[in-house]
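J.: Going by numbering that gives the first Met the number 0, the first residue of the sequence shown is number 0, and it counts up by one from there.
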Amino acid sequence: MAPAAARPLVMKFGGTSVGSPAAMRHAVDIVRREADRWPGVVVVTSALAGTTDTLLRAAKAAAQGDLDAVRRARQALEEAHWAIAKSLVPTRPRPMVWMEVQRHLETFESLGQAMAVLGEATPRGLDAVAALGERMSVALLTAALQAQGVPAEALDAAEVLVTDAHFGAAHPDLEASRQRVQARLVPRLEPGRVVVVPGFLAATPEGVVTTLGRGGSDYSAALLAALLPAAEVWIWTDVDGVMSADPRLVPNAHTIPELSYREVAELAYFGAKVLHPKTIRPVIEAGIPLRVRNTFHPQGPSTLIVRERQVTPGQIKAITLIRDLSLIIVEGRGMLGVPGVAARTFAAVAGTGTSVLLISQASSEQSICFIVPGARQRTVVQAVEAAFAAEIARRDIDRVRAMEDVVIVTLVGEGMRHTPGIAGRIFSALGARGINVIAIAQGASEVAISLVVAAKDGQRALQALHPLTVDG
Ligand code: ADP
Ligand code: ASP
Ligand code: MG
0 MAPAAARPLV
10 MKFGGTSVGS
20 PAAMRHAVDI
30 VRREADRWPG
40 VVVVTSALAG
50 TTDTLLRAAK
60 AAAQGDLDAV
70 RRARQALEEA
80 HWAIAKSLVP
90 TRPRPMVWME
100 VQRHLETFES
110 LGQAMAVLGE
120 ATPRGLDAVA
130 ALGERMSVAL
140 LTAALQAQGV
150 PAEALDAAEV
160 LVTDAHFGAA
170 HPDLEASRQR
180 VQARLVPRLE
190 PGRVVVVPGF
200 LAATPEGVVT
210 TLGRGGSDYS
220 AALLAALLPA
230 AEVWIWTDVD
240 GVMSADPRLV
250 PNAHTIPELS
260 YREVAELAYF
270 GAKVLHPKTI
280 RPVIEAGIPL
290 RVRNTFHPQG
300 PSTLIVRERQ
310 VTPGQIKAIT
320 LIRDLSLIIV
330 EGRGMLGVPG
340 VAARTFAAVA
350 GTGTSVLLIS
360 QASSEQSICF
370 IVPGARQRTV
380 VQAVEAAFAA
390 EIARRDIDRV
400 RAMEDVVIVT
410 LVGEGMRHTP
420 GIAGRIFSAL
430 GARGINVIAI
440 AQGASEVAIS
450 LVVAAKDGQR
460 ALQALHPLTV
470 DG
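#1: At the level of alpha carbons, what is the spacing between residue 249 and residue 461?
#2: Inspect the beta-carbon positions of residue 236 and residue 132 and report whether they are closer than 8 Å.
#3: DSSP three-state label for residue 382, please.
#4: Got a sec? Which residues, its chain only, sit under 7 Å from residue 17 by beta carbon, not counting five neighbours each side?
#5: Run the proximity test for residue 247: is its beta-carbon closer than 7 Å to any non-hydrogen atom belonging to ligand 1?
#6: Just to check, is the beta-carbon of residue 45 closer than 7 Å to a non-hydrogen atom of ligand 1?
#7: Between residue 217 and ligand 3, is there a pair consisting of the residue's CB and a ligand heavy atom that are separated by less than 7 Å?
#8: Can the beta-carbon of residue 399 be found less than 8 Å from the beta-carbon of residue 304?
#9: Do residue 154 and residue 196 have their C-beta atoms closer together than 8 Å?
#10: Return yes when the Cβ of residue 138 is within less than 8 Å of the Cβ of residue 193, no when it is not.
#11: What's the call for residue 9, buried or exposed, on a 16-neighbour Cβ count within 10 Å?
#12: Go ahead and pull the three-state DSSP assignment for residue 107.
#13: Measure the CB-CB distance between residue 409 and residue 447 and report whether it falls below 8 Å.
#14: Run through DSSP, which three-state label would residue 119 get?
#15: Is there contact here, the region 140–150 with the region 178–186, by at least three beta-carbon pairs under 8 Å?
#16: Indicate, with yes or no, if ligand 4 has a heavy atom lying under 7 Å from the CB of residue 50.
#17: Less than 8 Å between the CB atoms is what I'm expecting for residue 31 and residue 112, so what's the real figure, rounded?
#18: Return the chain-ordered list of same chain residues with a C-beta closer than 6 Å to the C-beta of residue 471, the five sequence neighbours on each side being excluded.
#19: Using alpha carbons as the reference points, say which of 187, 126, 174, 81 lies closest to residue 42.
#20: Am I right that residue 54 and residue 156 are in contact with their C-beta atoms under 8 Å? What's the rounded C-beta distance?
#21: Can you tell me which of 29, 57, 432, 198 puts its alpha carbon nearest to the alpha carbon of residue 75?
#22: At a cut of 8 Å, does the region 244–258 reach the region 304–324 through at least three beta carbon pairs?
#23: Give me the Cα-Cα distance between residue 285 and residue 228, rounded to the nearest whole angstrom.
#24: Compare the C-alpha of residue 357 against each of 427, 438, 391 and name the closest.
#25: Kindly indicate which residue of 300, 351, 359, 162 has the alpha-carbon position closest to the one of residue 376.
#26: What does residue 231 pair with, by DSSP beta-bridge criteria?
#27: Would you mind listing the alpha helix (DSSP H) stretches within the region 160–215 that are 4+ residues and don't spill past its ends, in chain order?
#28: Tell me which residue opens and which closes the beta strand (DSSP E) that residue 403 is part of.
#29: With a 10 Å radius around its C-beta and 16 neighbouring C-beta atoms as the bar for buried, classify residue 427 as buried or exposed.
#30: In whole angstroms, give me the CA-to-CA distance for residue 510 and residue 242.
#31: Can you determine whether any heavy atom of ligand 2 sits closer than 7 Å to the C-beta of residue 387, and answer yes or no?
#32: By Cβ distance, which residues of its chain are closer than 7 Å to residue 262, with the 5 residues on each side in sequence left out?
#33: Considering only residues of the region 47–71, which uninterrupted alpha helix (DSSP H) runs meet the minimum length of 4 residues and lie entirely inside it, listed in chain order?
#34: Does the beta-carbon of residue 6 have 16 or more other beta-carbons within 10 angstroms, so that it is buried, or is it exposed?
#35: What residue from 96, 170, 37 has the CA that sits closest to residue 134's CA?
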């Protein structure tokens, strides 16, 4: 492997970091500053903020017969993209760049019409639509960089990242992707030059466009960094790195200077939207440092993700919140000692294609409870009831019950491992505010403790627990 100094830098800009003329201007300045300092720079960009939502919402509406939604979405997208083209792309190249944006918008309209005629939006069709957002932002960002004298060229991710055909959340084929990265991306890297790649999208070996899941541009950057391999990956976003809590919910949240791979994986899994959960693994396995930085405050504090870190016992690093969940409870005296209840319960849930976020079972075995997304509640309850129809008829299982409107609050920190008294601190902080804990779960890794509380208590719980997090 090339020494780090001879390796390129991968930088990813999120939707808000390219979502307005002023934001993209910041992004361009950042790239321009770095371009000469590395033996090549790869820039991965998201779609302009809100674009993916707009595209997908309109496509789904079209499939329901509302073609006007596509027209309205096109107009809104045109305005947002035009504002950037007008202020960051000089007059001469502008018509060319605008033609490319228009070409993608035409594709969007055609796909929308097809969906309206078919009365169906397939996962494959939705991926084709969603990918257009990143393709449009690449066109603008490349031109905006060139306008500032940065030699930049675009390279479509469908050319380099190969995945299976699991549309909506495709799995990368690392070997096939590595070969393409080596053949098509590496030769373009030179000191001072910048290659701009759309995040989020990839393609099957046959060239059908796929996406890596919502928020997947982080993952694109991490994959490219691992496959190159890069010297470092910088994720540019709209906050000062990974913070002790979502700053929108806890205004006095602070930046965490250093986090371990395990901690950030738990944080991402339990709802800290700042990094896509799958992002960290490829870069950590390749031993590549990953930094999360603020596009709007580039000299400000940032977070470095490391493989291992020095742990201070008792230290809680961050708290997260996931909303819109339901707690499902399977209970009954007759369950006592009946083997396979848990296995059958979760087989029934898996059969509905629902992912379970948290499981908690009392030692008496009289009840099992677990958390699923609120939108899946009805389907899951019906599936579990069907699986235990005989036991319910015999009254061995009393009922399958759902508690709506709950949230998961998770505390994360390697320092919680083997440290007694943490649960006590958590319960007294919540007790002091009169917040009731419905269920609690701790993974065997002891890096995270999750609490289930009523939705109405969610933000208060977060704020009550935040003082338990510490700096450093
Ligand atoms: P991007 O478009 O740059 O990918 P995202 O919206 O996906 O940005 O992620 C950044 C957002 O994540 C922040 O604006 C913040 O509200 C949210 N967030 C949630 N939890 C955290 C956390 N612990 N630290 C930082 N940001 C967080
Ligand atoms: N634009 C995509 C999304 O909103 C991917 C990303 O921004 O990471 O999900
Ligand atoms: Mg994101």
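Every residue, glycine too, gets a C-beta built ideally from N, C-alpha and C.
Predicted, not measured: the structure shown is a model, and the values here were computed from it.
T.: Considering the structure as presented:
#1: 7 Å
#2: no
#3: Assigned with DSSP and collapsed to three states, residue 382 falls in helix.
#4: 23, 26, 44, 45, 47, 136, 140
#5: yes
#6: yes
#7: At least one heavy atom of ligand 3 is nearer than 7 Å to the Cβ of residue 217, so yes.
#8: no
#9: yes
#10: no
#11: buried
#12: helix
#13: yes
#14: If DSSP states are grouped into helix, strand and coil, residue 119 belongs with coil.
#15: Judged by Cβ distances under 8 Å, the region 140–150 makes no contact with the region 178–186, as fewer than three pairs qualify.
#16: For ligand 4, the structure offers nothing, since it holds only ligand 1, ligand 2 and ligand 3.
#17: Contact flag wrong, Cβ pair sits at about 41 Å.
#18: Residue placement at residue 471 cannot be trusted, given a pLDDT of 43 that sits under 50; what the coordinates show is reported in the next sentence. Spatial neighbours of residue 471 in its own chain (CB-CB distance under 6 Å, excluding positions within 5 residues in sequence) are not present.
#19: 187
#20: Wrong, their Cβ atoms sit about 17 Å apart, outside the cutoff.
#21: 57
#22: yes
#23: So the alpha carbons of these two residues sit roughly 8 Å apart.
#24: Of the listed residues, the one whose Cα sits closest to residue 357 is 438.
#25: 351
#26: 8
#27: 173–179
#28: 398–411
#29: Residue environment: residue 427 is assigned as exposed (fewer than 16 neighbouring CB atoms within 10 Å of its CB, all protein chains considered).
#30: Examination of residue 510 is not possible in this model, given that the chain is present from 0 through 471 alone.
#31: Every heavy atom of ligand 2 is 7 Å or more from the Cβ of residue 387, so no.
#32: 316, 411, 412, 413, 446
#33: Segments of the alpha helix (DSSP H) lying fully in the region 47–71: 50–62.
#34: buried
#35: Between residue 134 and the set 96, 170, 37, the nearest pair of CA atoms involves 96.
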